[in-house]
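Asker: I'd like to ask you about the structure that follows.
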Amino acid sequence: MSITLGSMTRAATLNPSANLAVAKHGGIAIDPFGAANQRVEQQLNPTAVKLSSFSQIKSGFADVQTAAKDLSDPKKTATSSDIAKAAQSFATAYNAANNAVDAAVNGDGKKSGSLAGDVRARIASTGLRSIVTGGSNATDLKKIGISLKPDGTLAVDTTALQNAIQTNPNAVKDTLSKIGKQAEQVSAKELATTGNVGSSVNTLSNISKNLEAQLAEQKRLATASQDAVQRQVANITNTTAGGVASYLQTRSL
């Protein structure tokens with residue numbers, strides 16, 4: 000029976016394909032690093048989706064806050080044109096925020112939104128809607144040509160608004176100023192670090208950062224383990240090759 004250096008080396012050398020932390024146990028391949036990464040990614044992905052939704056809601060509330068300030072700013076409502084512009088800008092900002100909240104909470108009709116079960120998102124939605132439905136707000140807005148549609152968005156009837164401005168500009172300004180101040184208060188409350196939107200964004204951001212750091216560390220450890228295995232394989236290969244060579248040399252004497 001002939002013994003070759005190659006055959007003995009292959010027999011004594013660890014299989015490089017069984018690298019990193021892929022271990023054989025009962026015929027089942029186990030990759031602890033891969034499993035750990037998967038667990039983190041399973042947490043990271045939904046967190047990222049929720050963070051994205053809350054970030055859009057935050058942006059929407061911030062725009063509402065900005066537009067609301069113009070409604071109660073005499074310089075922004077000095078003329079009929081200014082009043083109409085401020086009213087339309089507010090309606091646009093409100094609708095964008097409403098759509099962002101609605102999509103996140105209620106989804107698209109085919110599947111639930113990413114924040115369907117989130118209490119803070121629902122409270123924020125209720126707070127946003129209260130801006131135009133609280134007290135006599137809906138009735139007062141309708142008098143100046145601004146109405147709430149079934150889907151929760153605001154519609155501005157430019158003709159009715161212009162007629163109201165021509166008839167009683169001060170009444171229009173008073174209504175818009177009242178709505179603007181309430182919208183500012185609601186937006187500021189939700190965007191604050193203790194608010195439903197602000198605190199959710201901060202919490203999810205911190206969770207996301209921690210998970211990303213954990214994933215990066217696990218990948219670093221996996222790479223280090225891979226390198227260690229490869230070094231061990233190289234050492235065993237060299238040692239085995241040297242031993243086989245000595246054995247064959249002895250046999251030839």
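Going by numbering that gives the first Met the number 0, the first residue of the sequence shown is number 0, and it counts up by one from there.
The C-beta atom is built at its ideal place from N, Cα and C for all residues, glycine as well.
Source: prediction; values computed, not measured.
(1) Can you round the beta-carbon distance between V171 and A182 to whole angstroms, since I take them to be within the 8 Å contact cut?
(2) Rounded to whole angstroms, how far is the Cβ of T76 from the Cβ of L175, which I believe are closer than 8 Å?
(3) Around the C-beta of A34, are 16 or more other C-beta atoms found within 10 angstroms, so that it is buried, or is it exposed?
(4) Does the segment 82 to 92 touch the segment 194 to 211, meaning 3 or more C-beta pairs lie closer than 8 Å?
(5) Across the segment 114 to 134 and the segment 183 to 193, are there enough close Cβ pairs to call them in contact, namely three or more that are closer than 8 Å?
(6) Using the three-state DSSP reduction, which class does A253 fall into: helix, strand or coil?
(7) Are the CB atoms of A115 and G126 nearer to each other than 8 Å?
(8) I need the straight-line Cα distance from T3 to R230, nearest angstrom please.
(9) So if DSSP puts A154 in a beta bridge, which residue, or which two residues, is it bridged to?
(10) I think V63 touches A96, with their Cβ atoms under 8 Å apart; what is that distance to the nearest whole Å?
(11) Quick one: Cα of I145 to Cα of K74, how far?
(12) Does the beta-carbon distance from L147 to A159 come in below 8 Å?
(13) May I ask you to report which of helix, strand or coil DSSP gives S71?
Answerer: From the atom records:
(1) Residue numbering aside, residue 171 sits at position 172 when the sequence shown is read from its first letter. Residue numbering aside, residue 182 sits at position 183 when the sequence shown is read from its first letter. Contact doesn't hold; Cβ gap of about 16 Å is too wide.
(2) Sequence index remark: in the sequence shown, residue 76 carries index 77 (1-based). Sequence index remark: in the sequence shown, residue 175 carries index 176 (1-based). Yes, T76 and L175 are in contact; Cβ-Cβ is about 7 Å, under 8 Å.
(3) Counting from 1 along the sequence shown, the entry for residue 34 is found at position 35. A34 should be labelled exposed.
(4) no
(5) yes
(6) The question about residue 253 has no answer here: the residues shown for the chain are numbered 0 through 252.
(7) Locating residue 115 in the sequence shown gives position 116, counting from the first residue. Locating residue 126 in the sequence shown gives position 127, counting from the first residue. Contact: no.
(8) Translated into positions along the sequence shown, residue 3 becomes position 4. Translated into positions along the sequence shown, residue 230 becomes position 231. For T3, the pLDDT reaches just 44, beneath the cut-off of 50, and the residue's location in the model is therefore unreliable, leaving the point undetermined.
(9) Locating residue 154 in the sequence shown gives position 155, counting from the first residue. S146.
(10) Taking the first residue of the sequence shown as position 1, residue 63 is located at position 64. Taking the first residue of the sequence shown as position 1, residue 96 is located at position 97. Right, their Cβ atoms sit about 5 Å apart.
(11) Counting from one through the sequence shown, the residue named residue 145 turns up at place 146. Counting from one through the sequence shown, the residue named residue 74 turns up at place 75. Taking the straight line from one Cα to the other gives about 21 Å.
(12) Along the sequence shown, read from residue 1 onward, the residue named residue 147 stands at position 148. Along the sequence shown, read from residue 1 onward, the residue named residue 159 stands at position 160. Contact: no.
(13) For the purposes of this step, residue 71 is taken as residue 72 along the sequence shown, with counting starting at 1. If DSSP states are grouped into helix, strand and coil, S71 belongs with coil.
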